[in-house]
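Student:
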Amino acid sequence: MTEQTQKRLSAAYGRVILLMSLVWAATIMSAAVVDKASGEFIYLIFVLIGGFALSGAVLESGRRQMLDPARS
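Our numbering runs 1 ahead of the 1-based position in the sequence shown.
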C-alpha cells in the first residue's frame with residue numbers, strides 16, 4: 002500500500018467516524034426530546050430506526066469513497 006493510498010484511506014475513515022458520531026449524537030438527542038415530549042414508546046422506536054438507517058447510509062457513502070475516490 003502506497004503512502005498516498007494510506008493517507009486517502011485514513012482521511013476517508015476519519016470522515017466516516019466523524020459523520021457516524023454526528024448521526025448518533027443527533028439520534029440520541031432526538032430520542033431524548035421525543036421521550037420527554039411524548040410518553041409513547043413507538044415514536045422513540047421510529048427515531049432509533051431512523052438513526053440506524055442514517056448510519057447505514059453514512060457507512061455506504063464512506064465505503065464508496067474509499068473504494069472509488071474518483072466519483073467523490
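The C-beta atom is built at its ideal place from N, Cα and C for all residues, glycine as well.
Terminal residues of the continuous alpha helix (DSSP H) containing Asp36?
Tutor: Stepping through the sequence shown from its first residue, residue 36 is reached at position 35. Segment Glu4 to Ala38, the alpha helix (DSSP H) holding Asp36.
Student: Assuming Leu49 and Ala32 are in contact, meaning their beta carbons sit under 8 Å apart, how far apart are those beta carbons, in whole angstroms?
Tutor: Along the sequence shown, one-based indexing puts residue 49 at 48. Along the sequence shown, one-based indexing puts residue 32 at 31. About 6 Å; that satisfies the 8 Å criterion.
Student: Should Val34 and Tyr44 be called a contact, given that it needs their Cβ atoms to be closer than 7 Å?
Tutor: Translated into positions along the sequence shown, residue 34 becomes position 33. Translated into positions along the sequence shown, residue 44 becomes position 43. Taking 7 Å as the Cβ cut-off, Val34 and Tyr44 do not qualify as a contacting pair.
Student: Output needed for Ile18: all residues of its chain with C-beta closer than 6 Å, excluding positions within five of it in sequence on either side, in chain order.
Tutor: Counted from its first residue, the sequence shown places residue 18 at position 17. No residues qualify anywhere along the chain.
Student: Whose C-beta lies closer than 7 Å to the C-beta of Val24 among residues of the same chain, with five residues either side of it excluded?
Tutor: Indexing the sequence shown from 1 puts residue 24 at position 23. Cβ neighbours of Val24 beyond the five flanking positions: Gly52, Leu55, Ser56 and Val59.
Student: May I have the straight-line CA-CA distance separating Ile46 from Met30, to the nearest angstrom?
Tutor: To locate residue 46, count along the sequence shown from 1; it is residue 45. To locate residue 30, count along the sequence shown from 1; it is residue 29. About 14 Å.
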